[in-house]
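In this note's numbering, the protein residues as written are 434 to 1108. We put the beta carbon where it would ideally sit given N, CA and C, even for glycine.
Shown next as C-alpha cells:
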C-alpha cells in the first residue's frame, strides 16, 4: 500500500487528487500498522492507539477530500457549502484526537486475551464522526462513477471500486464499534485482506488507464439519487434493530432475525419472479441504474439532427426522417404518415418501402394514438384490443411499432416501423429513443411547413408590391394623357402642340406596352441597366412629355451638365413621380421648380413646389411607406417606388417640407454608378 502511495505521489503529472490519494493510502496503511503493533506489544497500547487515532482522523479526512476531487473538474467550485463546512471542521477532529487523553476514548478489559477495547463517550462520538465522514465519502464516489460515461467510466471504475471498498470497510468497522460500543481488534486480519483486494483494484486501474488524469463534470442532481445512501441507511437501520432485539430478547434473536429475513427475502424474490408488472419494473430499474445504456443518446441525437438538416424539399425531409428511424431502431422498413393543413385524412408521404394508395389508417387507431400518446407495440398485451380492431392496417403495413408525432394534443402524423432485423423485443430504452426522435421529427416537419408558408407569404407580398408599382406606372401614364387632353382645349389648333401631343401619346403607348410585357414575364428580381447619360436631358424629356405648353408655373434650371451612370427607365420614373406629385400638390396656380446639378461627387435633381406641404409627423412616420398618401386619389406608391429605385442606385432621397408653404424633394445618384 505504501509503495502504491509513493508511486502515485511521484507521478510526472501531479494533481490534487494524486496527492490526496497518496495521503489516503499512507494513512490507511498507518492505521493498520499501528493497530498491529498494539496487538503485538499491548504494554504500549495507549501510545499505539494515540497514533492510530491521529492516523484515523487524517485517513477519514483524506478519503473525504479524495472523493470530492477525484476525476472532477473545478471540484472546489462545484462542492456544496455542506461539503466545504466538513472540510473546515475536519482539522478539529485531528487536533482533538491528538490532544485528548486516550483514557477518555476507551478502556481495556482483559485486552491481552479478548483484544477488545470498550468505548467511553468521547470514543463513541469520535467513531460516530468517522462513520459520518465515511458515508459522505462513499456517496461522493458513487456520484463520480454515475456521472461518467463510455471510456471515462471504464478508466475510473476500478479506482472507484478500490477506494469505495476501503471506505465501505471503514463504514462496517466504525458501525460495528458503535453497535457493540467496543473496538474489536480481532477484525484486523479481515480488514487487511479486504484492503489488499482494494489495492489490487486500484493498481489495475492505474496501470492500465492512468485513471488519476481523468476529469469529469458532475451533476448535482445525482447527489439526491444516491444508491449508496440508501444501502448504508438500510444497513445501519438493520444493525440498530438487530442490536435492540439482542438487548431485549436475548442473543438468540440474531438467529431468529436471520431466519426471518431469509424467508421474507425468498418470498419477495418469488413475488418479483411471478409478477409480470413487478418483474418489468425491476428490470427497468436495474437497467437504468446499474447497466450500460443500450443507446448513446447524444450520438443518436446528433446523427438524426445532421440527417434531417438542410433538406431542400418536403420529400427529402420525409425520406430523411424515415431513414433516421430505420437506422436508429434497426427496422426493416419505415412509413411516415401525415395530415396536411385543413385535411383530417392521413396519407403516406415517406416510405422506405412502397405503400399502396388504397391503405388508410383506421380512425380508431388515430383516436388511440391521440388519447394515450403511447408508442404502440403490436406485441404489447396492453395494445391487443386496438391491434385486433385495426388488424387489416397492421397486416398491410407489417407494423411492429407505431410512433405518434404529437404537437401538444394535435396528432400531425405517425411513423409505422416494421419488425426489426434482429426480431428482438423492444424495451424502455427503445421507447425513450423513439419518443425523443419523434419530438425532433415533429419540430422539423412543423418548421418546414412554416418556412414554406412564409415563402408563400413573401411571394404574395412581392406580387402585391409589383402590382402596386405597375398600377402606379399606369396612373402616371393616364396623368400624362389627362394633361394632354386639358391643354388640347386651348392649343389643339397649334401645329407644334399637335406634334408634341402625338409624340407624348406615342411614348405613353410604349410605356404601357412595356408594362404589359412585365406582367407577362413577372421577373423575380429587377436588374439595373446602367449607362452613362446626361441626367438633365431626361429631366427635359419628362417636362416635354408632360406637354405643359407655355405654363409659367413650371421652371427648369440646369446648374451644370451632369453625366452619371444610371438606369434610364427607372430614373425617369423617379423624375415623373416627383414632378407629377408637385404639380398635383400646387394646382393650376402653383409654382414648381426643377433644378439639376452636382454636390459632393453626386448628381442631383431637386423638385420644389409651393403647395400645401406636409407635417413633420407625416414625413417621419408615413411618407415613404407604401399605401400612405395625403392625396384623395393617390395610391401612396410613387414615393415608396422612387425611394427603392434611388437606393438601388446607391443614392438617397431627401425631403424638406413646411406645412402650408410647400416641399422640396431632392434625390442623389453617384456619378460613377452603383457602389
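- Take the alpha-carbon of residue 887 and the one of residue 878: they are about 14 Å apart.
- Within the model, the alpha-carbon separation for residue 927 versus residue 933 is close to 10 Å.
- By the Cβ neighbour-count rule, residue 477 is exposed, with fewer than 16 other Cβ atoms within 10 Å of its own.
- When DSSP reads this structure, residue 770 sits in a beta bridge with 781, 847.
- Counting only runs of 3 or more residues that sit fully inside the segment 909-968, the beta strand (DSSP E) segments are 963-967, in chain order.
- The count of Cβ pairs closer than 8 Å, one atom from the segment 595-602 and one from the segment 533-540, stays below three, leaving the stretches out of contact.
- In this structure, residue 1012 and residue 1040 form a Cβ contact; the two beta carbons are roughly 6 Å apart against a cut-off of 8 Å.
- Here residue 834 is near residue 808, since their CB atoms are less than 8 Å apart.
- Shown here, residue 995 sits in coil according to DSSP, grouped into three states, outside any helix or strand.
- With respect to the C-alpha of residue 995, the residue from 988, 1007, 976, 972 having the closest C-alpha is 972.
- Secondary structure at residue 840: strand, using DSSP grouped into helix, strand and coil.
- Judged by DSSP secondary structure, residue 541 falls within the beta strand (DSSP E) whose first and last residues are 539-541.
- Apart from sequence neighbours up to five positions away, the residues of its chain that approach residue 975 with a beta-carbon distance below 7 Å are 1005, 1008, 1009, 1012, ordered along the chain.
- Listed as beta-bridge partners of residue 1026 by DSSP are 988, 1041.
- By the Cβ neighbour-count rule, residue 931 is exposed, with fewer than 16 other Cβ atoms within 10 Å of its own.
- Here DSSP, grouped into helix, strand and coil, assigns residue 813 to coil.
- For residue 549, DSSP records a beta bridge to 617.
- Here the alpha carbons of residue 751 and residue 803 stand approximately 21 Å from one another.
- Between the alpha carbons of residue 1042 and residue 1021 lies a gap of roughly 12 Å.
- Within 10 angstroms of the beta-carbon of residue 456 lie 16 or more other beta-carbons, which makes it buried.
- Residue 1035 carries a strand assignment under DSSP once its states are collapsed to helix, strand and coil.
- According to the DSSP assignment, residue 460 belongs to the alpha helix (DSSP H) that extends over 449-473.
- For residue 628, the three-state secondary structure derived from DSSP is helix.
- Inclusion of residue 1058 and residue 1029 in the CB contact set at 8 Å is not warranted, their separation being larger than that value.
- Put simply, the segment 620-628 touches the segment 459-476. At least three CB pairs are less than 8 Å apart.
- With a contact defined as Cβ atoms closer than 8 Å, residue 1087 and residue 1048 miss out at about 17 Å.
- With 16 or more neighbouring CB atoms inside 10 Å of its own CB, residue 1074 falls in the buried class.
- Residue 799 is not a Cβ neighbour of residue 850, given a cutoff of 8 Å.
- Membership of residue 1103 in the beta strand (DSSP E) is indicated by the continuous run 1095-1103.
- With three or more CB-CB distances shorter than 8 Å, the segment 605-614 counts as touching the segment 554-572.
- Per DSSP, the continuous beta strand (DSSP E) segment holding residue 1086 begins and ends at 1085-1091.
- One Cα belongs to residue 905, the other to residue 942, and the distance between them is close to 15 Å.
- Buried is the label assigned to residue 575, since at least 16 other Cβ atoms lie within 10 Å of its Cβ.
- Residue 1027 sits close to residue 1038, with the two beta carbons spaced by under 8 Å.
- In this structure, DSSP gives residue 792 a state outside helix and strand, which the three-state scheme calls coil.
- When the five nearest sequence neighbours on each side are left out, the beta carbons in the same chain lying within less than 6 Å of the beta carbon of residue 472 are those of 618, in order along the chain.
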